[in-house]
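Enquirer: I have a structure I would like to understand better, so I am pasting it below and will then ask my questions one at a time.
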Amino acid sequence: MRSLFQDLRYAYRQLRGTPVFALTTIFTLALGIGANAAMFSVIDQVLLRAMPFPRANEVVQMATRNESGGFYPTSLPDIRDWRARSHSFSEIAYFTVQVPALGGTDDPKLVPQVVSSANLFKLLEARPLLGRTFVTTDGSAGHTDVVVLSEGIWRQLYHADRGIVGRAVPVNGIPHTVIGVMPKGFAFPVNTGDNAIWTPLASDEKTMQDRGSAMLNVIGRLRPGVTLDDARREMNSIHEQLRHEYPKDESANPVEVERYAEVVTGSARPAVLALEGAVFAVWLIACANVAGLLLARGNNRRREVAVRVALGAWRARLVRQFLTESLLLALAGGALGLELAVLSLHLLKQYLANAILFGDQIHIDLKVCLFLFLASCVSAVAFGLLPALHASKVSPQDGLRDGAVATGTSRRQTRWRDGLVVGEIALTLTLLLAASLMVRTLISLRHTRTGFVAGEVTTGEIYLPSHTSILMMATPAGDKQASVIDTFYRPLLERVKALPGVQTAGLTTVRPLQGAWDFNMTVELNHHPKFERSAHADAQARATTAEYFTTMGIRLLQGRLFADTDSADTQPVAIVNRTFVRRFLPNENPIGQQVRFNDKGDRQWSTIVGVVDDSPQKTLGQAPLPEIHYNLAQLLPQDDLYPILGNLYMNIALRSPLPSDAIRRELERTVHQLRADAVTQNVKSMQQVVDDSLGNQVLAMRLLGLFALAGLVIAVAGIYGLLAYSVSQRTRELGVRLAVGAQRENILWMVLRHALVLLTIGVGCGALLMAISGKFLTVWLGYRFSGYDVVAMLAVTLLLVVCGMVASYLPARSASRIEPVVALRTE
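Heads up: the sequence shown begins at 11 in the numbering used here, then just goes up one per residue.
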């Protein structure tokens, strides 16, 4: 222990005596270690995040995938069959999420409502903070008016009143008895955060008994000893049985069984891991740079090492001393890197919150600090071991010989330093090319044809608390119900059109680029063979008013738009998009064809009267999906599609030259005048919607750009340091060359040629590395990299070469200005 303290004191004195070297090394390491610490905090709190319930690795989600990559919901009859026939699960529960209003009509609060089976909390093994959770009788007839609150809702809306249990609170205007409060930190589904309520699903609800009415998400807990593969085999065997028993209703897609934690984080995993690969490259560049500096520093300390060896120092003792210095540098770099990580997460907090689930909760904690300490120690070995071994190999005879420092270094050390610089250049080129391809991809996405005209269009979402139940549990059923279309939406549209500055306005169920909403249903065409239920036979359902397409600037390609003469008393009509025609009617005239969704019983046929251009449903650049737009004016309460397309909620679109903030105020005032309990939210311009849809790409571009810039700075500094040191070591040689007649231009070119050779080899290695990693980036990030983008490759190569040659020019100019007399006199 005493010798260790001696090593630390000696290392500190050595580094204090060379402040420029120490500060340069510490800052270089801070960039590499700090970037990795920041990304580790993202990985830890997004991908490695502990689920808020016990033994989360046993909880799985079961569903079939749809064409857009999401999961099909499941019908209640199917779930009952899964429960009865499966043996892999100790519990199977189901749920769906809707957005009702909690509170009175004067100040309603939209909160996520999880409507679930009574055994949900039992499956999750979750215990309440107050009261109880659901029991078996909850959800049966007459026992659905109970609610469990999250700790966040309990604290925010009810001021943490411990007497809340047993009291009635209005949910969609209907009193529900609070039976329990969940503890802080519990969330299910986890993307609702600590801000949800739970109510039991009425298992005898009429709309739930149809096997084609798929509305529920399913989770299960694996029995001890059952693997995922076991559960998958059993579930698909059951699925095949049901397909034979109910061929009309069952999907052809297999049932997927995935761990719930992986389903939650799956969308963020590829991008986060790809960015971690980028910061790992920055760390490697930093370590290579510092290793080169230490190799040069070790050569300058040959005489010191030779003296210590002559006095009896063992080689292991010398290696330990050099590694101690490396550890001090790494810990100092890690401390500065911690500050850089905190600063970078603070600056990127808003972007992370919008782009990544749990992004708003990412912070530096004790686990990140421990990782940073371990990363610093690993860095010390990574960049310090090779220079320590080289420096400790000096023999007393060579080290004490006159001119040992100034006459040059071994070819092996020179090759090592050159190799490290080549590695830095190769990794930097890869980062630069990845960043440039991200920029080109983003530019390409911004110029993607959207199918609508975003300029001067403002959109917003409108919720009616007493009508936001997808299961129709909070409203009277059937023809006893007054149509909300007649009582609210039609008067609203007339008032909005009368607002100053509003040119046109329209309503639709789901606007373009609204990725959260997905209404997939299986298409059926009259006088055509029935499609087998699968992703390829699905279309997106919409309910739309006559002027919506005009307001959005969506082009009519064939036929006509909805007209005022289309009413509830006339033949139902529909408008489809271009992709619908290409998929279902590729060689036929779509106008006059009759269509319906066979998921919804025997609803009447709708006649196709028009074809409109495609618009992106979820993200820019994604292949459009088939769409059917029903006429909102023709939807009646008794229609099977009414609860989903006309009763749930609506998007309004307005075309006006006024700013979206001014329109938002007028829209909120108009909505409130019609219905005091109505809620308007997410009012923004369509241009803002387009920009928001690129949030993930913008975040990735900025991060890759920062990492590439850090790599470029470190690599250029490495080139400069290598050549400057090489010139200082070859001072006598260069003096001799000049003395015997060499031209100063030749000396200048000799140094620059060395740099050019390193840059050429590094660029070649970097191009090869990018050819390999480009495929992984395409898969991981999901972006449309064009493989070997020649323009981007030439641009980043030129940038790297120019920066490298500029950095090389300074030591080359110093070499060409050496005075032979002075150079030889120093010896």
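Even for Gly, the Cβ is constructed at its ideal location relative to N, Cα and C.
Note down, in chain order, each residue of its chain lying with its Cβ closer than 6 Å to the Cβ of Ala822, except the 5 sequence neighbours on either side.
Expert: Here residue 822 refers to the residue found at position 812 when the sequence shown is read from its first residue. Hits under 6 Å: Leu758, Val761 and Leu762.
Enquirer: Can you give me the start and stop residues for the alpha helix (DSSP H) that His682 sits inside?
Expert: By one-based count along the sequence shown, residue 682 stands at place 672. Its alpha helix (DSSP H) spans residues Ser670 to Leu684.
Enquirer: List the residues that DSSP assigns as beta-bridge partners of Thr105.
Expert: The count along the sequence shown starts at 1 and reaches residue 105 at position 95. Reading off the sequence shown, one finds Phe at residue 105, where the question assumed Thr. Bridge partners of Phe105: Ser126 and Asn227.
Enquirer: State the CB to CB distance for the pair Val621 and Pro634, rounded to an integer number of angstroms; the pair is presumed to be in contact (CB under 8 Å).
Expert: Position 611 of the sequence shown, counted from the start, is the residue given in the question as residue 621. Position 624 of the sequence shown, counted from the start, is the residue given in the question as residue 634. Wrong, their Cβ atoms sit about 13 Å apart, outside the cutoff.
Enquirer: Sort Phe131, Trp164, Glu135 and Ala136 by Cα distance to Asp148 and report the nearest one.
Expert: Locating residue 148 in the sequence shown gives position 138, counting from the first residue. Closest option to Asp148, Cα to Cα, is Phe131.
Enquirer: Tell me which residue opens and which closes the alpha helix (DSSP H) that Leu566 is part of.
Expert: To locate residue 566, count along the sequence shown from 1; it is residue 556. Where Leu566 is concerned, there is no enclosing alpha helix (DSSP H), although the beta strand (DSSP E) around it starts and stops at Leu566 to Gly569.
Enquirer: Examine the Cβ distances between the stretch 587-596 and the stretch 692-705 and report whether three or more of them are shorter than 8 Å.
Expert: no
Enquirer: I need the boundaries of the alpha helix (DSSP H) containing Met192, first residue and last residue.
Expert: For the purposes of this step, residue 192 is identified with residue 182 of the sequence shown, where counting begins at 1. Met192 -> no alpha helix (DSSP H), and no H or E assigned at all.
Enquirer: Using DSSP's beta-bridge definition, name the partner residues of Glu266.
Expert: In the sequence shown, counting from the first residue as 1, residue 266 sits at position 256. Answer is Ala73, bridged to Glu266.
Enquirer: Quick check on the DSSP output: the alpha helix (DSSP H) that includes Met696 runs from which residue to which?
Expert: Numbered from its first residue, the sequence shown carries residue 696 at position 686. From DSSP, the alpha helix (DSSP H) with Met696 extends over Met696 to Ser703.
Enquirer: In whole angstroms, what is the alpha-carbon distance linking Arg75 and Ala672?
Expert: Counting from one through the sequence shown, the residue named residue 75 turns up at place 65. Counting from one through the sequence shown, the residue named residue 672 turns up at place 662. Computed Cα separation, rounded: 42 Å.
Enquirer: Taking contact to mean 3 or more Cβ pairs, one atom from each stretch, closer than 8 Å, check whether the stretch 716-730 and the stretch 36-51 are in contact.
Expert: yes
Enquirer: Looking at C-beta atoms only, is the number of pairs between the stretch 189-208 and the stretch 161-178 that lie closer than 8 Å three or more?
Expert: yes
Enquirer: Going by other Cβ atoms of all chains shown within 10 Å of its Cβ, with 16 needed for buried, is Arg782 buried or exposed?
Expert: Stepping through the sequence shown from its first residue, residue 782 is reached at position 772. Reading the sequence as shown, one finds Ile at residue 782 and not Arg. Looking at its Cβ environment, which holds fewer than 16 other Cβ atoms inside 10 Å, Ile782 is exposed.
Enquirer: Counting along the chain, where does the beta strand (DSSP E) carrying Leu159 start and finish?
Expert: Within the sequence shown, residue 159 is the residue found at index 149, counting from 1. Residues Val156 to Leu159.
Enquirer: Which same chain residues end up closer than 6 Å to Leu442 when comparing Cβ atoms and leaving out the 5 residues on each side of it in sequence?
Expert: The residue labelled residue 442 in the question sits at position 432 within the sequence shown. These residues qualify, in order along the chain: Ala718 and Val806.
Enquirer: CB-CB under 8 Å to Arg827, same chain, minus the five flanking residues each way: which ones, in chain order?
Expert: On the sequence shown, residue 827 is found 817 positions in, with the first residue counted as 1. The residues are Arg754.
Enquirer: First and last residue of the alpha helix (DSSP H) that includes Val506?
Expert: Here residue 506 refers to the residue found at position 496 of the sequence shown. Looking at the DSSP string, the run of the alpha helix (DSSP H) that includes Val506 is Arg500 to Lys507.
Enquirer: Can you name, in chain order, every residue of its own chain whose Cβ lies under 6 Å from the Cβ of Phe15, other than the five neighbours on each side?
Expert: Taking the first residue of the sequence shown as 1, we reach residue 15 at position 5. Around Phe15: no qualifying Cβ.
Enquirer: Restricting to Cα atoms, I'd like to know which of Glu250, Asp54, Leu226 and Ile53 is closest to Ser85.
Expert: For this step, residue 85 is matched to residue 75 along the sequence shown. Per the C-alpha coordinates, the member of Glu250, Asp54, Leu226 and Ile53 positioned closest to Ser85 is Leu226.
Enquirer: For a quick check, are the C-beta atoms of Ile495 and Ala688 less than 8 Å apart?
Expert: Reading the sequence shown from its first residue, position 485 is the one you call residue 495. Reading the sequence shown from its first residue, position 678 is the one you call residue 688. Ala688 sits away from Ile495, with the two beta carbons spaced by 8 Å or more.
Enquirer: Where does His97 fall in DSSP's three states?
Expert: The residue you call residue 97 lines up with position 87 of the sequence shown. Reduced to three states, the DSSP call for His97 is coil.
Enquirer: In three-state terms, what does DSSP make of Trp293?
Expert: Counting from one through the sequence shown, the residue named residue 293 turns up at place 283. It is helical.
Enquirer: Using the Cα positions of Gly344 and Leu455, report the straight-line distance between them to the nearest angstrom.
Expert: Within the sequence shown, residue 344 is the residue found at index 334, counting from 1. Within the sequence shown, residue 455 is the residue found at index 445, counting from 1. Each residue's alpha carbon lies about 38 Å from the other.
Enquirer: Closest to Val586 by C-alpha separation, out of Pro626, Tyr640, Thr561 and Ala578, would be which residue?
Expert: As a first step, residue 586 is located in the sequence shown; it is residue number 576 there, counting from the start. The shortest Cα separation from Val586 among Pro626, Tyr640, Thr561 and Ala578 belongs to Tyr640.
Enquirer: Starting from Phe607, follow the beta strand (DSSP E) in both directions and report where the run begins and ends.
Expert: Against the sequence shown, residue 607 aligns to sequence position 597. Looking at the DSSP string, the run of the beta strand (DSSP E) that includes Phe607 is Gln604 to Phe607.
Enquirer: Less than 8 Å between the beta carbons of Phe99 and Leu238, yes or no?
Expert: Residue 99 sits at position 89 when you count from the first residue of the sequence shown. Residue 238 sits at position 228 when you count from the first residue of the sequence shown. Taking 8 Å as the Cβ cut-off, Phe99 and Leu238 do not qualify as a contacting pair.
Enquirer: Can you confirm whether the stretch 366-379 touches the stretch 64-71 when touching is taken to mean that 3 or more C-beta pairs between the two stretches lie within less than 8 Å?
Expert: no
Enquirer: Under 8 Å, with one C-beta from each stretch per pair, do the stretch 285-303 and the stretch 425-433 reach the 3-pair mark?
Expert: yes
Enquirer: Check whether the Cβ atoms of Phe498 and Leu384 lie closer than 8 Å to each other.
Expert: Within the sequence shown, residue 498 is the residue found at index 488, counting from 1. Within the sequence shown, residue 384 is the residue found at index 374, counting from 1. No, the Cβ-Cβ distance between Phe498 and Leu384 is not below 8 Å.
Enquirer: Classify Ala377: buried if its beta carbon has 16 or more other beta carbons within 10 angstroms, exposed otherwise.
Expert: In the sequence shown, the residue the question calls residue 377 occupies position 367. It should be noted that the sequence gives Lys, not Ala, for residue 377. By the Cβ neighbour-count rule, Lys377 is exposed, with fewer than 16 other Cβ atoms within 10 Å of its own.
Enquirer: Enumerate in chain order the residues of its own chain whose CB-to-CB distance from Phe393 is below 6 Å, with the five nearest sequence positions on each side excluded.
Expert: Along the sequence shown, one-based indexing puts residue 393 at 383. Around Phe393: Cys297, Val300 and Ala301.
Enquirer: If you run the structure through DSSP and keep just helix, strand and coil, what is Trp164?
Expert: Taking the first residue of the sequence shown as position 1, residue 164 is located at position 154. Looking at Trp164 - three-state DSSP - the assignment turns out to be helix.
Enquirer: In whole angstroms, what is the alpha-carbon distance linking Val619 and Val124?
Expert: As a first step, residue 619 is located in the sequence shown; it is residue number 609 there, counting from the start. As a first step, residue 124 is located in the sequence shown; it is residue number 114 there, counting from the start. In this structure, the CA atom of Val619 is about 39 Å from the CA atom of Val124.
Enquirer: With distance defined between alpha-carbon atoms, name the residue in Leu346, Ala553, Leu571 and Thr575 nearest to Leu646.
Expert: Residue mapping note: residue 646 aligns to position 636 of the sequence shown, counting from 1. Nearest option by C-alpha distance: Ala553.
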